[in-house]
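Undergrad: The sequence shown begins at 0 in numbering that gives the first Met the number 0 and counts up one residue at a time.
The beta carbon of each residue, even a glycine, is placed where N, CA and C say it ideally should be.
Below are the structure tokens for one structure; questions will follow.
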Amino acid sequence: MADIEKNKQIVLAFLEDFTTFDAEVYEPYLTENPVYWVGMTKHEGREGFARVAYFGRVLYPNGQESRTIHHIVAEGDVVAVLMTIKAITNAGKDYENTYAVHFELEDGKIASQVEIMDFRVSNDKFDLSALA
Numbered sequence: 000m001a002d003i004e005k006n007k008q009i010v011l012a013f014l015e016d017f018t019t020f021d022a023e024v025y026e027p028y029l030t031e032n033p034v035y036w037v038g039m040t041k042h043e044g045r046e047g048f049a050r051v052a053y054f055g056r057v058l059y060p061n062g063q064e065s066r067t068i069h070h071i072v073a074e075g076d077v078v079a080v081l082m083t084i085k086a087i088t089n090a091g092k093d094y095e096n097t098y099a100v101h102f103e104l105e106d107g108k109i110a111s112q113v114e115i116m117d118f119r120v121s122n123d124k125f126d127l128s129a130l131a
């Protein structure tokens, strides 16, 4: 049986370390072949997480201003987080969006992450052409 409180702490620590966008910092939390979904876009493997981290470095050039955790719930090896992120985007705009993030862990490591947010807000606030 999974240690639910430990899994919550792993996810919270991962969220903090992932926003460094530095693979050396966040990769110890990952299984060998994790999957990261942003909406319906699937990023596979550690390379997929590195790609999403690259997006983060570009879209949040000054990092995130704040992250507010509204809820974190867990059952077994599944952890769900509802949070709000604030930042100044690469377009120089104030950004605030609420994210629902679902994690599945295997042996205390993140095997999958599914991230859902209001993409209309993202599309309005970021200069997405910088990712091309």
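1. Can you list, in chain order, the residues of its chain with a C-beta nearer than 6 Å to that of V80? Leave out the 5 residues immediately preceding and following it.
2. Just to confirm my understanding: we take D134, look at its own chain, exclude 5 residues before and 5 after, and list those with CB closer than 6 Å. What are they?
3. Within a Cβ cutoff of 6 Å, which residues of the same chain sit near E95, ignoring the five residues on either side of it in sequence?
4. What do you get for P27, buried or exposed, if any count of 16 or more other CB atoms within 10 angstroms of its CB means buried?
5. How big is the Cα-Cα spacing for A49 and F118?
6. Any contact of the region 18-32 with the region 42-56, i.e. 3+ C-beta pairs under 8 Å?
7. Grab me the residues of F13's own chain with a C-beta within less than 7 Å of its C-beta, minus the 5 sequence neighbours each way, in chain order.
8. So what's N96 in DSSP terms, helix, strand or just coil?
9. Please report the straight-line C-alpha distance between L130 and P60, rounded to a whole angstrom.
10. Taking 8 Å as the limit between beta carbons, can you name the residues of its chain near W36, skipping five residues before and five after?
TA: Walking through what the data contain:
1. I71, V100
2. What the structure shows of the chain is the stretch from 0 to 131, and residue 134 is not part of that stretch, so it cannot be assessed.
3. K85
4. exposed
5. 21 Å
6. yes
7. Y25, Y28, I109
8. strand
9. 13 Å
10. H42, S111, Q112, V113, E114
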